[in-house]
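Sequential numbering of the sequence shown, starting at 8, is according to the numbering used here.
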Amino acid sequence: MRLSHLFFHSLKNSEDILQVKNKSFWKVFVYILFLSVLLTLPTLKQSLDILNTFQADGQKIIKKLPDFSIKDQRLVTTEKNSGFIYQTNHLIFTFDPEGKRNTNDVQNDLVGNLFGIAFLKDRFVFAVPKNEWTQTLFKQDTIEISYKNQELQAINRPRLEKLFTSLNQNYMIYFFTFFISFYSVFISFLLNLVFLALIVNIYSRFRFIPYYFMDNFKIITICSTLPTLISVVLQIVKPGLNDDLVTTTLTLLLYYGVTKNTKRLV
């Protein structure tokens, strides 16, 4: 039976799922990659929505931004008292050539799901809200880049305007976003499958079911198909929702359903 057939059997919770025991590990691994791609879609959608939002918000910010440049690793402008904080529906932009604010201020400004972008006197700061999705994608709350960075030293108002207007035209950004999202999702999903396989392996020993760890790992992988699809839908409908408990419980219940009639050793 092909893995594509197992996919459809998994949606019906058919005992034919047990045939996956006879599949090679690499075929099951490819199936895990497939499920990981599905799990990446909500994160990718949210990332692309953010890029489009940044582009729209950036055009509003550029209108308020004075001419500036980076000199001697400092943010400088010819206008006095030109610092400002501008908030849109999705981000808070800070422009502070006077050095009145710091990284903690930028992070503390964030409310709800707002992002923070700040050009401080001696560094650039990107701050993200503290929720599961952003922690998965960025791994940390704030990203600081000193103006010692060669690329930042070349930044000025015209370059920043060009950057904002070209965000959704740079396909490398899409590729990079997908790769980072997929890598994080894949590692998390694989570790979760290993953990579930350990649980059902103990369960099968107590029930004298003649399955080894690798058998259980393959079965639990296929059983995770429906919970994965449910998770994708939930994450699209309500981004940031923590559905781990629901999907884990459902996966274990599906495993029980397909193995309950398996002939025991005693």
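Backbone N, C-alpha and C fix where the C-beta goes; we use that ideal spot for every residue, glycine too. In this text the structure is predicted, and so the values were computed from the model without any measurement.
- Shown here, F215 sits in coil according to DSSP, grouped into three states, outside any helix or strand.
- Looking at the DSSP output, F171 sits in no beta bridge, so it has no partner there.
- Around the beta carbon of N223, 16 or more other beta carbons sit within 10 angstroms, so the residue counts as buried.
- Judged by their CB atoms, I24 and I229 are nearer to each other than the 7 Å cut-off.
- Counting only runs that start and end inside the segment 8-91, the alpha helix (DSSP H) elements of at least 4 residues fall at 10-18 and 32-71.
- As DSSP reads the structure, L98 sits in a beta bridge with F122.
- Going by DSSP, V253 is part of the alpha helix (DSSP H) stretching over D251 to T266.
- Rounded to the nearest whole angstrom, the CA to CA distance from K137 to D148 is 7 Å.
- Each residue's CA atom was taken as its position, placing S43 and R81 some 43 Å apart.
- Straight across, the Cα-Cα distance linking F186 with K270 is about 43 Å.
- Secondary structure note for T232: its alpha helix (DSSP H) is the uninterrupted segment T232 to V244.
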